[in-house]
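This report refers to the structure that appears directly beneath it.
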Amino acid sequence: MAAGTARPGNDGFVAMISQRIGGPLGRHADTASTWFGPVRVSLLAATLAWIVGAIQKLPCQVTVAGHFPDSYRRLCYSDIPLLYTGRGLADGNIPYLDHGNYQPLEYPVLTGWLLEFERRITALLGAPVGPGLTAQQAVDASRLFFQVNVVVLGLLFLVAVWAQARTIPGVHGVPRPYGVDHVRGWDAMMLAVSPCVILAGFINWDMLPIALTALGFMFWARSRPTLAGAMFGLGMAAKLYPVLLLGPLLLLCLRGRRMGDFGRTLLGFVIAWLIPNLPVMVLAPSQWLAFWTFNSDRGGDLGSIWYVLSLAGHPVPHLNLVNAVILILLCAGIGWLIISAPRRPRFGQVAYLVIAAFLITNKVYSPQYVLWLLPLLILARPRWREWWIFTFGEIVYFLAIWGHLDQTLTPGGGGPDRIYWLAVIVRIACEVWVGIMIIRDILDPDRRDPLRERDTVYGPVPDDPGGGVLYGARDAGWVVRLRRWLDLTDTGPR
């Protein structure tokens with residue numbers, strides 16, 4: 010293929026950039042001998058972006074006891090140093106298993122084990138530990154704990170980028186289940202250089218489930234369903250959202266007659282989730298329940314549409330029930346789309362739709378939750394236009410949330426800060442826009458889907474390139490009969 014010619018799957022933005030560096034590699038290029046391939050370059054870019062994010066957080070470092078920088082105004086707030094002293098870690102207590110005069114850790118168990126691992130590293134590096142710490146000792150220890158997190162979470166970010174780059178075929182070392190030489194490894198740059206990661210990657214410990222979920226998608230694409238399920242199970246042990254991926258995966262396997270593989274995925278999921286959870290469930294059941302009761306009891310909180318309605322004077326009664334009903338209805342609609350679409354949707358597409366539905370309807374939508382959705386956006390619709398729209402909405406909200414908490418958005422004469430309300434709506438609208446584009450791709454995959462669009466030279470890609478065991482699977486007979494009854498054209502794999 011001539012240099013400068015856009016290859017199948019690359020959008021206009023990628024083609025324009027490739028022109029500046031000599032055009033994309035030819036069809037028969039030896040990518041194995043090219044050191045500056047998409048994986049290495051993405052990892053290098055991710056490292057630089059992570060360093061930029063760490064530098065951006067420096068103004069919020071507390072160095073002197075009693076002197077607290079305005080982290081809201083400086084846009085560098087982080088839970089990490091605060092929870093080190095606020096959840097008993099500075100006293101040397103083990104999460105869940107030890108008790109004290111502090112609030113129990115309100116995170117799933119695997120996140121707590123990560124904190125314990127980091128606490129021990131912090132102590133080995135010389136941080137003072139114990140209930141009798143002076144205020145300055147506590148500050149010094151929490152600052153060192155944050156630095157340990159910069160390294161550990163940074164490594165997890167690199168794992169996520171590495172897995173993202175190797176999920177869709179077309180990179181050296183990734184199996185290619187079809188003949189078309191799609192080059193999708195560079196899509197990982199959307200994660201590596203994302204401003205969302207730079208701004209929100211240090212707020213909390215969300216990089217742990219993100220890395221595990223990315224590994225789950227990679228193993229699924231490599232037709233290793235048990236390992237994929239194990240990664241999703243560990244992801245749920247760190248944050249709740251990966252369990253939601255099982256619903257669309259079940260329907261995809263049901264449509265593609267791969268229920269045995271789904272069973273192996275489910276088995277890996279359950280075992281991997283139980284391994285970190287079971288000890289705490291047995292030894293400290295009340296501490297284990299802290300995460301579940303905390304989320305059940307909370308009302309509409311920051312980032313959610315329910316919070317905006319509450320600020321506007323219209324709180325929603327019975328919010329848990331309302332939230333659950335709306336989410337179930339949205340998931341039912343996504344399920345119907347999976348079954349009735351002209352061709353079986355890609356796993357990444359329906360994963361984005363389900364997690365987006367969960368976040369948009371959730372009682373809280375913290376700034377760092379964008380990191381859950383970003384890798385799925387890249388798998389679902391790897392187009393820079395949607396990436397820019399998505400990023401715009403997140404940056405608008407990121408700026409607004411800290412202004413809201415700092416009360417700098419409050420009008421001078423008093424009253425509600427409607428700018429924050431608008432930012433919440435803009436954020437959700439951008440995510441809905443991406444969702445609409447994904448639904449359009451699903452309904453017209455040959456012409457719309459970036460991973461299935463028809464190419465004049467090679468023809469259409471026959472199936473989901475990251476589908477793993479689902480690749481090439483034909484629709485179950487009941488799906489074919491249902492589509493005929495609905496007078497829908499059967500355009501399955503060919």
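In our numbering, the protein residues as written are 10 to 503. Every residue gets a Cβ at the ideal spot worked out from N, C-alpha and C, and that includes glycine. Note that the structure is a prediction, hence the values are computed from the model and not measured.
Asked                                                                                                         : Found
P137 and I404 closer than 8 Å at C-beta                                                                       : no
Among G75, D107, D100 and E115, the one whose alpha carbon lies nearest that of W88                           : Checking the sequence, you will find Asp at residue 88 rather than Trp. Nearest option by C-alpha distance: E115.
Helix, strand or coil at Y406 [DSSP, three-state]                                                             : helix
Simplified DSSP assignment, three categories, for D472                                                        : coil
Cα-Cα separation, L414 to A482                                                                                : 51 Å
Pick from I387, L382 and R152 that is closest to A197, judged by C-alpha positions                            : I387
Closer than 7 Å: L123 CB and nearest the ligand ADP heavy atom                                                : The model on display carries no ligand, and the ligand ADP is accordingly not part of it.
Cβ shell of A55 (< 7 Å), same chain only, five flanking positions each side left out                          : F166, L167, V170 and A201
Straight-line Cα distance separating G486 from R266                                                           : 9 Å
N- and C-terminal bounds of the alpha helix (DSSP H) containing Q145                                          : A144 to A174
Burial state of N110 (16 or more Cβ within 10 Å)                                                              : exposed
Same chain, Cβ closer than 7 Å to S232, five either side skipped, listed in chain order                       : G477 and V478
Other residues of its chain near N332: CB distance less than 8 Å, five sequence neighbours each side excluded : W315, T370, N371 and K372
Separation of L124 from I130, as counted between CA atoms                                                     : 10 Å
Environment of G210 [buried if 16+ CB atoms lie within 10 Å]                                                  : buried
Distance CB(S51)-CB(A174) smaller than 8 Å                                                                    : yes
Nearest neighbour of L346, chosen from M240, F303 and L258 [CA to CA]                                         : L258
Option in L84, L382 and T72 with minimal Cα separation from G62                                               : L84
Candidates F77, Y429 and W122: closest to T145 by CA position                                                 : Reading off the sequence, residue 145 comes out as Gln, not Thr. It is F77.
Of the listed residues L368, W430 and I280, nearest to L336 (C-alpha basis)                                   : L368
Per-residue DSSP class, three states only, for A54                                                            : helix
Closest residue to L153 among A230, R436 and L133 (Cα-Cα distance)                                            : L133
Buried versus exposed, by CB contacts within 10 Å (16 or more), P285                                          : buried
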